[in-house]
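S.K.: Here's a structure for you.
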Amino acid sequence: MKRIQSILFAIAMLLATPAIFTACQEDAPEINYTMNVSVINDFTKVVEAINNGFLKNEEAIKKLTETIDKMNTDQKTKLQAIIDVLTSVNATLETKLTTIEAAMKAQTLTLESKLTLLETAIKNQTLKQEEMADKLITAINNLQGSMEAKIEAITEAINNVNTTLQSKLALIEAAIKAQTLSLEAKLDLIEAAIKALPDYSSQLAAIKTAIENLPDYGDKLAAIEAAIKAMPNYSDKFDAVTTALNAMKAQIEALGTGQASIVEAINNTTAAINALIAAVNSGNTSAAAALAQIIQKLKELKNKIGGGVGTPLEIFNDIELNDIIGKEAAMDYIAVKPTDLDANKLLVYKTRDGRYGKMYVLKYKIEETYPSMTFSAVTYNADGTVYKSVNSLKVGSYTRVDLDDMRTCEIGSEDEWLAGGDFVLTQGSSIFYSCDSYDSNAKFCFYVP
Numbered sequence: 264m265k266r267i268q269s270i271l272f273a274i275a276m277l278l279a280t281p282a283i284f285t286a287c288q289e290d291a292p293e294i295n296y297t298m299n300v301s302v303i304n305d306f307t308k309v310v311e312a313i314n315n316g317f318l319k320n321e322e323a324i325k326k327l328t329e330t331i332d333k334m335n336t337d338q339k340t341k342l343q344a345i346i347d348v349l350t351s352v353n354a355t356l357e358t359k360l361t362t363i364e365a366a367m368k369a370q371t372l373t374l375e376s377k378l379t380l381l382e383t384a385i386k387n388q389t390l391k392q393e394e395m396a397d398k399l400i401t402a403i404n405n406l407q408g409s410m411e412a413k414i415e416a417i418t419e420a421i422n423n424v425n426t427t428l429q430s431k432l433a434l435i436e437a438a439i440k441a442q443t444l445s446l447e448a449k450l451d452l453i454e455a456a457i458k459a460l461p462d463y464s465s466q467l468a469a470i471k472t473a474i475e476n477l478p479d480y481g482d483k484l485a486a487i488e489a490a491i492k493a494m495p496n497y498s499d500k501f502d503a504v505t506t507a508l509n510a511m512k513a514q515i516e517a518l519g520t521g522q523a524s525i526v527e528a529i530n531n532t533t534a535a536i537n538a539l540i541a542a543v544n545s546g547n548t549s550a551a552a553a554l555a556q557i558i559q560k561l562k563e564l565k566n567k568i569g570g571g572v573g574t575p576l577e578i579f580n581d582i583e584l585n586d587i588i589g590k591e592a593a594m595d596y597i598a599v600k601p602t603d604l605d606a607n608k609l610l611v612y613k614t615r616d617g618r619y620g621k622m623y624v625l626k627y628k629i630e631e632t633y634p635s636m637t638f639s640a641v642t643y644n645a646d647g648t649v650y651k652s653v654n655s656l657k658v659g660s661y662t663r664v665d666l667d668d669m670r671t672c673e674i675g676s677e678d679e680w681l682a683g684g685d686f687v688l689t690q691g692s693s694i695f696y697s698c699d700s701y702d703s704n705a706k707f708c709f710y711v712p
């Protein structure tokens, strides 16, 4: 009988152990556990604090980034813990977005792991595909080590067989836009990416991605040169160079009639290259000789058009705090008509909190009377340093935008943090207007150098 009682007591103690262990964790969360369950528990506590509103904004991102980096476990376990947050039905959207931002800044997650997280977020509709590149910019800007090490990390992610083409193109776009990579590094990456991509169509997509996101005309041409050197056969090289030049020309034509001389120069170069290709096809010259001349034609075009003059993106990048303050007299509450708002428009502003900033409209369209706009913006501190910035933020109709915190809120939603915002997109004759009706002091004006 005593033996039976002893066995029952042992079983009871075993069943009680998890509860006791959990209670110890809750009573002493600061203990540095080495077991995986404890490591994940610390991460979970921070996530819960964010989900319950005890940690917010930059403080939440910073704390969660630190917690991820302190997780003393393998990459797979760490990755799964973060994925569990992104797929949880109990986690708020803000918690999921904060977790993504923290993961992008973490030093102990590989770029491949970060890609996996973003792909998960897109699959469960936490993020849109077009938002991936902006998140990857954060990841790339937070890469540690030499320039060569950064390029190696990006190249490895592109070479990964599990990385989708869309993710590879997003990586290329992010690398082109990243502020921590030199032009030389970006060109090396383009060449490496072309070699890694499996077929001509994906290689061409990579070239177009690079062209679209390099602001300088000379850099675009350098990217074309690097790409065609990396392509495996002459036929693809010849087709790619003319296709890329046409894509570059279309992008420049969209800027307006002021670019006519540059468009003409590109047309002349394209015609000369087509003549060289025709000579190869007729047997009058070798492919190798023609390629050498094509490279020379690209260099000549680069010398002729240089960096380009006065493209909207270049003007946007050159606008400094003093330039914005100098336009304050022209700023006011504005109601922008649909005919006035378009891609490549530049605006400067003073937010409701008194900070100055600049905005570059990347895309603008109206579908069934509902407008949407994609823009980049930078809001400055009083000393000229960047307070907040955003790349390619897309907003739809009846969306208020806070340009201090770079956040959005749909009218009628339960979010109250926006307190009116700085501007709103509406359906009707006035598409974009300052939120003065919500007691905002935000002011805007179009920027003309």
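Note that the numbering used here gives residue 316 to position 53 of the sequence shown, counting from 1, and the numbers run on in steps of one. Where a beta carbon is used, it is the ideal one built from N, C-alpha and C, also for glycine. Fair warning: this is a prediction, and the values are worked out from it, not measured in the lab.
Using only CA atoms, which one of Ile313, Thr443, Leu372 and Thr361 lies nearest to arginine 333?
M.R.: The residue you asked about is not arginine; residue 333 is lysine in the sequence shown. Lysine 333 has its Cα closest to that of Leu372, out of Ile313, Thr443, Leu372 and Thr361.
S.K.: Do the segment 604–619 and the segment 540–559 touch if we need at least three Cβ pairs shorter than 8 Å?
M.R.: No, the segment 604–619 is not in contact with the segment 540–559.
S.K.: Below 8 Å, can you find three or more Cβ-Cβ pairs linking the segment 388–403 to the segment 646–666?
M.R.: Yes, they touch.
S.K.: Please go through the same chain and pick out, in chain order, the residues whose beta-carbon is closer than 6 Å to the beta-carbon of threonine 328, but skip the five residues on each side of it.
M.R.: Cβ within range, chain order: Ala365, Lys368 and Ala369.
S.K.: Which of helix, strand or coil does DSSP assign to threonine 637?
M.R.: Looking at threonine 637 - three-state DSSP - the assignment turns out to be strand.
S.K.: What's the C-alpha gap between asparagine 509 and tyrosine 480?
M.R.: Roughly 13 Å between the two C-alpha positions.
S.K.: Counting only runs that start and end within the segment 495–557, where is the alpha helix (DSSP H) found for 4 or more residues in a row?
M.R.: Segments of the alpha helix (DSSP H) lying fully in the segment 495–557: 497–516 and 523–544.
S.K.: Assign tyrosine 661 to one of three DSSP states: helix, strand, or coil.
M.R.: Three-state result, tyrosine 661: coil.
S.K.: Could you compute how far the alpha carbon of isoleucine 491 sits from the alpha carbon of leucine 374?
M.R.: Each residue's alpha carbon lies about 27 Å from the other.
S.K.: Using the three-state DSSP reduction, which class does lysine 341 fall into: helix, strand or coil?
M.R.: Helix.
S.K.: Measuring alpha carbon to alpha carbon, tell me which of Lys449, Ala420, Leu604 and Thr443 ends up nearest leucine 460.
M.R.: Among Lys449, Ala420, Leu604 and Thr443, the Cα nearest to that of leucine 460 belongs to Ala420.
S.K.: Just to confirm before moving on: does the CB-CB distance between phenylalanine 695 and leucine 604 stay below 8 Å?
M.R.: Result yes, Cβ atoms of phenylalanine 695 and leucine 604 sit closer than 8 Å.
S.K.: For alanine 542 and lysine 560, what's the separation of their Cα atoms in angstroms?
M.R.: If you take the alpha carbons of alanine 542 and lysine 560, they lie about 15 Å apart.
S.K.: Quick check: what's the CA-CA separation for lysine 440 versus lysine 449?
M.R.: The alpha-carbon atoms of lysine 440 and lysine 449 are separated by roughly 9 Å.
S.K.: Looking at alanine 606: is its Cβ nearer than 8 Å to the Cβ of tyrosine 627?
M.R.: Contact: yes.
S.K.: Quick one: grab the DSSP three-state call for tyrosine 710.
M.R.: It is coil, neither helix nor strand.
S.K.: Among Glu436, Asn387, Ser376 and Lys341, which has the Cα closest to the Cα of alanine 354?
M.R.: For the residues Glu436, Asn387, Ser376 and Lys341, the minimum Cα distance to alanine 354 belongs to Asn387.
S.K.: Compute the Euclidean distance between the alpha carbons of isoleucine 582 and leucine 576, then round it to the nearest angstrom.
M.R.: If I take the Cα positions, the gap works out to 10 Å.
S.K.: Buried or exposed for valine 711, going by 16 or more other Cβ atoms inside 10 Å?
M.R.: So valine 711 counts as exposed.
S.K.: Going by the CB atoms, is the gap between valine 352 and lysine 359 shorter than 8 Å?
M.R.: No, the Cβ-Cβ distance between lysine 359 and valine 352 is not below 8 Å.
S.K.: Under the DSSP definition of a beta bridge, which residues are partnered with methionine 622?
M.R.: Per DSSP, Leu610 and Ala640.
S.K.: Alpha carbon to alpha carbon, how far is alanine 493 from lysine 500? Give it in angstroms, no decimals.
M.R.: Distance between the alpha carbons of lysine 500 and alanine 493 is about 9 Å.
S.K.: How would you write the range of the beta strand (DSSP E) that leucine 477 sits in, first residue to last?
M.R.: Here leucine 477 belongs to no beta strand (DSSP E), and DSSP marks it neither H nor E.
S.K.: With respect to the alpha helix (DSSP H) encompassing phenylalanine 579, which residues constitute its N-terminal and C-terminal limits?
M.R.: Residues 575–581.
S.K.: Go ahead and pull the three-state DSSP assignment for aspartate 595.
M.R.: If DSSP states are grouped into helix, strand and coil, aspartate 595 belongs with the strands.
S.K.: Taking the alpha-carbon positions, what's the aspartate 595 to methionine 410 distance?
M.R.: Between aspartate 595 and methionine 410, the C-alpha separation is close to 44 Å.
S.K.: Given a cut-off of 8 Å, decide if alanine 534 and isoleucine 568 are closer than it, judged by their beta-carbon atoms.
M.R.: Cβ atoms of isoleucine 568 and alanine 534: not closer than 8 Å.
S.K.: Taking all protein chains shown into account, do 16 or more other C-beta atoms lie within 10 angstroms of the C-beta of glutamate 322, making it buried, or fewer, making it exposed?
M.R.: Exposed: under 16 other Cβ atoms inside 10 Å.
S.K.: Under 8 Å, do threonine 472 and leucine 432 count as touching if we go by C-beta distance?
M.R.: Cβ distance < 8 Å, so threonine 472 and leucine 432 count as in contact.
S.K.: Could you check how far apart the C-beta atoms of valine 309 and lysine 325 are, in whole angstroms? I think they sit under 8 Å.
M.R.: About 11 Å; that fails the 8 Å criterion.
S.K.: Under 6 Å Cβ to Cβ from isoleucine 540, same chain only, skipping five residues before and after it: list those, please.
M.R.: Cβ within range, chain order: Phe501.
S.K.: Nearest to isoleucine 457 by alpha carbon, out of Thr505, Asn422, Leu625 and Ala437?
M.R.: Among Thr505, Asn422, Leu625 and Ala437, the Cα nearest to that of isoleucine 457 is on Asn422.
S.K.: Assuming contact is defined by CB atoms lying nearer than 8 Å, are isoleucine 243 and leucine 609 in contact in what I supplied?
M.R.: Absent from the model: residue 243. The displayed extent of the chain is 264 to 712, so no value can be given.
S.K.: Can you tell me whether glutamine 522 is buried or exposed, with buried defined as 16 or more other CB within 10 angstroms of its CB?
M.R.: By the 10 Å Cβ count, glutamine 522 comes out buried.
S.K.: Determine the direct distance from the alpha carbon of asparagine 476 to that of alanine 556, and round the result to whole angstroms.
M.R.: Residue 556 is actually glutamine in this sequence, not alanine. Spanning the two alpha carbons is a distance of roughly 26 Å.
S.K.: Should aspartate 305 be labelled buried (16 or more other beta-carbon atoms within 10 Å of its own) or exposed?
M.R.: Result: buried.
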